[in-house]
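Asks:
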Amino acid sequence: MCAESPRWGAHPVGIAYRSGALALAGVVAAILAGCASEPPPPPVAATPNVSPDALVGKWGLASYHRDTDRPRTLKEATAQCSKPYVINKGPNGGVMMYLADQPELQELVLKPGPDGKTYLGPPGDAGTADDRVVSDVEPNSFTTVWVDPDNASRYGTMVYERCGKRA
Amino acid sequence: MKAPAAEYLRRLLIKTALATAVVLAPSFFASAQQIDMNVVDQPGYVPSPEEEQLSGAYEKQIVFFRSSEAPGTILIDTSQRFLYLVQPNNRAIRYGIGVGRQGFQWSGLQKISRKQEWPDWRPPPEMIERQPYLPRFMAGGPGNPLGARALYLGQTIYRIHGTNQPQTIGHAVSSGCFRLVNDDVIDLYGRVPVGTKVIIKQAVAL
């Protein structure tokens, strides 16, 4: 037959423990209050690891849905330079590109995400519905995937191969 | 001899009836025509099974069909938006199709020169002009505007293909190709070999 566990406050040793715990809580509260009185330091804005210059140029644009189609899609993208997707520098340091389903050019900026990814989209928070994730950036190619799940499922993974390759 | 007033009324009634018929005739013919849709391609859109299911006349069905063409021949009626696969014994399998929109309709005689499963999509230059955000090449797969299968017509740029937009069946929306829902184009693809004769007409006389 198991003995019952001692109840707090019913035993002299328990009373002592309770008093000590309360005192400790008070000290902790004082420390926290002291910390709360100082404003937190402003977050340091991280710089994206991709430069807008890397995206400027004329590109063959292609897309795929199945990863197994990536190698041949990259080849096909190279063959699309008769109808290049042109990316020019924007007036405010960004790049001029199209958002999904929109035929008007807009200035988009590169934004580092808290998840370590690089986002490309309208100025503002990183990772919003209008953004793309930029990856695999090389002098003559890069890849984007739309953040918005509907856009991503429709357009798949989009690959850009530079027309007139850089050395 | 009729009274002048009665004669006047009779002629007035006839004129009114004729005028009414003239006014109503255009709307009658208009209602009898399928109204063209103004639809933009939706690359990547994957329709639900409910959307894929056609009903009524555009559902795949066996129909009575008298033709001098041999079984295995495809006849396309662009005005009624049907594709017939001639069968023996005065029958045909009839599929509902979408056809070219105004200015992109054509007729002629072709043969199936090539067949492809889950074909790649290359939007034509004029489409890229209108929709510059489109990829210039999209690898085949669900969501590809050409759908599950493509049957290429001779050396032309035209195809019989599937679609990711089932709501366009029965309408004139394309740039000249003929589209079927994916289940139907898979069915047709399995029935016809390369070399199949394809006759495209504005109206097919039964």
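Protein chains in written order, with this note's numbering: chain B, 12 to 178; chain C, -14 to 191.
Just so it is clear, CB atoms sit at the ideal spot from N, CA and C, and this is done for glycine as well.
From a predicted model like this one, the values you see are computed outputs, not experimental measurements.
Flag this pair as yes or no: are the beta carbons of Gly85 (chain C) and Ala42 (chain C) separated by less than 9 Å?
Replies: no
Asks: Give the C-beta separation of Thr148 (chain C) and Val166 (chain C) to the nearest angstrom, bearing in mind that I take them to be a contact with Cβ-Cβ under 8 Å.
Replies: 6 Å
Asks: Quick one: list the residues of chain C neighbouring Asp80 (chain B), beta-carbon separation under 7 Å, in chain order.
Replies: Ala124
Asks: Measure from the C-beta of Tyr69 (chain C) to each C-beta in chain B and report whether the shortest distance is under 9 Å.
Replies: no
Asks: Leaving out five residues on either side along the sequence, give the residues of the same chain with a beta carbon under 6 Å from the beta carbon of Ile184 (chain C).
Replies: Leu60, Leu94
Asks: Please classify Arg177 (chain B): is it buried, with 16 or more other beta-carbons within 10 angstroms of its beta-carbon, or exposed?
Replies: exposed
Asks: Applying the 10 Å Cβ sphere with the 16-neighbour rule, what's the burial state of Asp161 (chain B)?
Replies: Asp161 (chain B) comes out exposed.
Asks: In this structure, does DSSP put Gly175 (chain C) in helix, strand or coil?
Replies: helix
Asks: Is the segment 93 to 112 of chain C close to the segment 140 to 149 of chain B, with three or more CB pairs under 8 Å?
Replies: Contact between the segment 93 to 112 of chain C and the segment 140 to 149 of chain B is absent, because fewer than three Cβ pairs lie under 8 Å.
Asks: List the residues of chain C that Gln117 (chain B) touches, going by C-beta distances under 8 Å, in chain order.
Replies: Those within 8 Å of Gln117 (chain B) in chain C number zero; the least Cβ separation is about 11 Å.
Asks: Using a Cβ-Cβ cut-off of less than 8 Å, give me the residues of the segment 70 to 99 of chain B that come near chain C, in sequence order.
Replies: Gly71, Leu72, Ala73, Ser74, Tyr75, His76, Arg77, Asp80, Arg83, Thr84, Glu87, Ala88, Ala90, Gln91, Lys94, Tyr96
Asks: Does any residue of chain C have a CB that is nearer than 9 Å to the CB of Ser16 (chain B)?
Replies: The predicted model places Ser16 (chain B) with a pLDDT of 30, which falls under 50 and marks its position as unreliable, so this point remains unresolved.
Asks: For Gln113 (chain B), collect the residues of the same chain with a Cβ closer than 7 Å to its Cβ; drop the 5 residues on either side in sequence, then sort them by chain order.
Replies: Excluding the 5 residues flanking it on each side, Gln113 (chain B) has no same chain C-beta neighbour closer than 7 Å.
Asks: Kindly say whether Phe14 (chain C), judged by its beta-carbon, lies nearer than 9 Å to any beta-carbon of chain B.
Replies: Residue confidence is low: Phe14 (chain C) scores 26 on pLDDT, short of 50, so the model does not pin down where it sits. No coordinate-derived value is stated.
Asks: If you follow the beta strand (DSSP E) that Lys122 (chain B) is in, where does it begin and where does it stop?
Replies: 116 to 123
Asks: Should Lys86 (chain B) go down as buried or exposed, given a rule of 16 or more other Cβ atoms within 10 Å for buried?
Replies: When all chains shown are included, Lys86 (chain B) counts as exposed.
Asks: Which stretch, first to last residue, makes up the beta strand (DSSP E) that contains Tyr166 (chain B)?
Replies: Segment 160 to 166 is the alpha helix (DSSP H) holding Tyr166 (chain B); no beta strand (DSSP E) there.
Asks: For Glu172 (chain B), which three-state DSSP category applies?
Replies: strand
Asks: Assign Gln46 (chain C) to buried or exposed, taking buried as 16 or more other Cβ atoms, counted over all protein chains shown, within 10 Å of its Cβ.
Replies: exposed
Asks: Could you tell me whether any Cβ in chain B is nearer than 9 Å to the Cβ of Gln193 (chain C)?
Replies: Because chain C in this structure spans residues -14 to 191, residue 193 (chain C) falls outside the shown range and cannot be described.
Asks: Would Ser160 (chain C) and Thr153 (chain C) be called neighbours here (beta carbons separated by less than 9 Å)?
Replies: no
Asks: I want to verify the contact list: residues of chain C whose CB lies under 9 Å from the CB of Met169 (chain B), in sequence order.
Replies: Pro120
Asks: What I want to know is whether the C-beta of Pro117 (chain C) ends up closer than 8 Å to one or more non-hydrogen atoms of the ligand GDP.
Replies: Among the components modelled here there is no ligand, and therefore nothing to report on the ligand GDP.
Asks: State whether the segment 112 to 122 of chain C contacts the segment 89 to 103 of chain B, with contact taken as three or more CB pairs (one from each stretch) at a distance under 8 Å.
Replies: yes
Asks: Just to confirm the assignment, what range does the alpha helix (DSSP H) spanning Arg79 (chain C) have?
Replies: Here Arg79 (chain C) belongs to no alpha helix (DSSP H); instead the beta strand (DSSP E) covers 76 to 81.
Asks: If we count the other Cβ atoms within 10 Å of its Cβ and call it buried at 16 or more, is Glu172 (chain B) buried or exposed?
Replies: Classification for Glu172 (chain B): buried.
Asks: Taking 9 Å as the threshold (beta carbon to beta carbon), is Asn167 (chain C) in contact with chain B?
Replies: No, Asn167 (chain C) does not count as interfacial toward chain B.
Asks: In the structure shown, what three-state DSSP assignment does Asp62 (chain C) receive?
Replies: strand
Asks: If distances are taken between C-alpha atoms only, which option among C:Cys162, C:Gln140, C:Gly57 comes closest to Gly175 (chain C)?
Replies: C:Gly57
Asks: Could you work out which residues of chain A lie near Arg143 (chain B), taking near to mean beta carbons separated by less than 7 Å?
Replies: Reference to chain A is not applicable here, since the protein chains of this structure are B and C.
Asks: Quick one: what's got a C-beta closer than 7 Å to Val148 (chain B)'s C-beta in the same chain, skipping five residues either side?
Replies: Val61, Ala65
Asks: Expressed to the nearest angstrom, what Euclidean distance is found between the alpha-carbon atoms of Arg164 (chain C) and Tyr137 (chain C)?
Replies: Computed Cα separation, rounded: 12 Å.
Asks: Below 8 Å on C-beta distance, what does Gly128 (chain C) contact in chain B?
Replies: His76, Ser164, Arg165, Gly167
Asks: Whose C-alpha, out of B:Asp78, B:Gln91, B:Trp70, is nearest the C-alpha of Pro110 (chain C)?
Replies: B:Gln91
Asks: Is it the case that the Cβ atoms of His156 (chain C) and Arg66 (chain C) are separated by a distance below 9 Å?
Replies: yes
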